[in-house]
Amino acid sequence: MNNVTINEKKGLFSRLTEKKIKKGSCCCNIELEEVPENDTKEKKEACSCSGADCCGSGSDMIENKEEIREHILKNYEGVALKGSQGCGCGCNTLQREGNPLDLKELSLNIGYSESDLTGVPNDANMGLGCGNPIAIAALKAGETVLDLGSGGGFDCFLARKQVGETGFVIGVDMTSEMIKLSRMNAEKSEYSNMEFRLGEIEHLPIADASVDVIISNCVINLSLEKELVFKDAFRVLKHGGRLSISDIVATAELPQNIKQDLSMMAGCISGAEHIGNIKKMLEETGFINIKMSPKDNSRQILKTWAPDRKIEDFVASFIIEAQKN
Ligand SMILES: C[S@@+](CC[C@H](N)C(=O)[O-])C[C@H]1O[C@@H](n2cnc3c(N)ncnc32)[C@H](O)[C@@H]1O
């Protein structure tokens, strides 16, 4: 649980150790500074939450942003290598136990149609979504579409079907193995007007005011800087451009043991932001015509993700739409 950081500016005595320890029913982050004679002194203490398992039971618990980002990246690297056998968003108990995923059942359940599942490269759909952002995007021929966190490229291929020869589809993902996979899928599809770019959705590798529609499926909850995601989405959208997102959001305060669980973070649950805060972020960024609605079968979808944790009482699968003036 120890995490050592070295701050070069402070030289020899700058060795900082962060330690999580349990104090009563609280979990405290203690920052220790090494001082001469190999001694240490407590510098800062930040305690949070209450409850018996606040510090966790030795399982993977969240300690800092860098660690979380690294964990998410590694997790999705693994998913890209294992395909639908990997455990990402929507990973259910059966999958965790090594059983093959029924991709068709899962995809129909979250809102895709039978025809969506045909005519796309096999490895593009890994069952990582929590809805179907294309269903409400009303894409038109000739439009430029950007998919935030494109994974194997499933939604990009569906978007490409709708925008046709004269449109253009770009997928952005921070996991290089995902980008490799989606590029291989694009080669198999022989579409020439698609591109997959390595990058972060907080700092998009996309020109200003160049995109008609932004789609995203179960990704923004994974971002540790959601305001930046919305700001950069706003920057790259053309005037009149729209946002069509499917994501997991919080509908109630998440219990600390869920918030702090790394596997639940990569599983698209712990990072869910409260729906009210998402609305506020979109408004503050400048978006208009904001619409947010839960999927009808949200509870049913989420129950299968973690049956023993009652996550459906705290999070929901939402469709979020907004527009740039
Ligand atoms: C749950 S998967 C969803 C993939 C795809 N949207 C789908 O529905 O199949 C999340 C994807 O988002 C990517 N991702 C997570 N955080 C990201 C970030 N901050 N910037 C870019 N990509 C990110 C991951 O690498 C992963 O491929």
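Numbering (my numbering), first residue to last: 13 to 337. For each residue, glycine too, the CB sits at the ideal point set by N, CA and C.
- In terms of Cα proximity to Glu296, the closest of Asn229, Glu78, Lys173, Phe246 is Phe246.
- Sixteen is the threshold: since fewer than 16 other Cβ atoms of the shown chains lie within 10 Å of the Cβ of Gln312, the residue is exposed.
- Here Gly143 is near Gly123, since their CB atoms are less than 7 Å apart.
- Under a 10 Å Cβ-count criterion, Ala92 is classified as buried, with 16 or more other Cβ atoms of the shown protein chains found around its own Cβ.
- Runs of the beta strand (DSSP E) lying entirely within the stretch 178-226, each at least 3 residues long, are 180-185, 206-210 in chain order.
- Residue environment for Arg172: buried (at least 16 other C-beta atoms within 10 angstroms of its C-beta).
- Per DSSP, reduced to three states, the secondary structure at Val261 is strand.
- In its chain, beyond the 5 residues on either side, Ala278 have a beta carbon closer than 6 Å to the beta carbon of Asn87.
- Excluding sequence positions up to five before and after Leu236, its CB lies within less than 8 Å of the CB of Lys77, Ile80, Arg81, Gly283, all in the same chain and listed in chain order.
- In the three-state reduction of the DSSP assignment, Met304 falls in the strand class.
- About 6 Å separates the CB atoms of Ser258 and Ile331; that is less than 8 Å, so the two are in contact.
- With contacts defined by Cβ atoms closer than 7 Å, Ala262 and Phe299 do not form a contacting pair.
- Between the alpha carbons of Leu216 and Lys238 lies a distance of about 13 Å.
- DSSP places Lys86 in the helix class (H, G or I) of the three-state scheme.
- In the displayed model, Thr130 falls within coil according to three-state DSSP, outside both helix and strand.
- Judged by beta-carbon spacing, Val225 lies within the 7 Å limit of Glu155, meaning their Cβ atoms are closer than that value.
- Ala136 and Met196 have their alpha carbons spaced roughly 10 Å apart.
- For Asp244, the enclosing alpha helix (DSSP H) has its first and last residue at 238-248.
- Secondary structure of Asp114 (DSSP, three-state): coil.
- Check the Cα spacing between Leu151 and each of Lys291, Arg321, Ser256, Ala328: the tightest is with Ser256.
- Inside the stretch 277-337, DSSP marks whole beta strand (DSSP E) runs of 3 or more residues at positions 300-306, 327-335, from first to last along the chain.
- Counted as a single uninterrupted DSSP element, the alpha helix (DSSP H) harbouring Asp167 occupies residues 166-175.
- Exclusion of Tyr124 from the 6 Å shell around ligand 1 follows from its C-beta lying no nearer than that to any non-hydrogen atom of the ligand.
- With a cut-off of 8 Å on Cβ pairs, the stretch 267-276 is not in contact with the stretch 124-134, counting fewer than three such pairs.
- By the Cβ neighbour-count rule, Thr187 is buried, with 16 or more other Cβ atoms within 10 Å of its own.
- When Cβ pairs closer than 8 Å are counted between the two stretches, the stretch 195-212 is seen not to touch the stretch 109-128, the count staying below three.
- Comparing alpha-carbon positions, the option among Gln174, Asp220, Met190, Gln268 lying closest to Ser96 turns out to be Met190.
- The DSSP-derived three-state label of Ser125 is coil.
- A distance below 7 Å separates the beta carbons of Gly253 and Val223.
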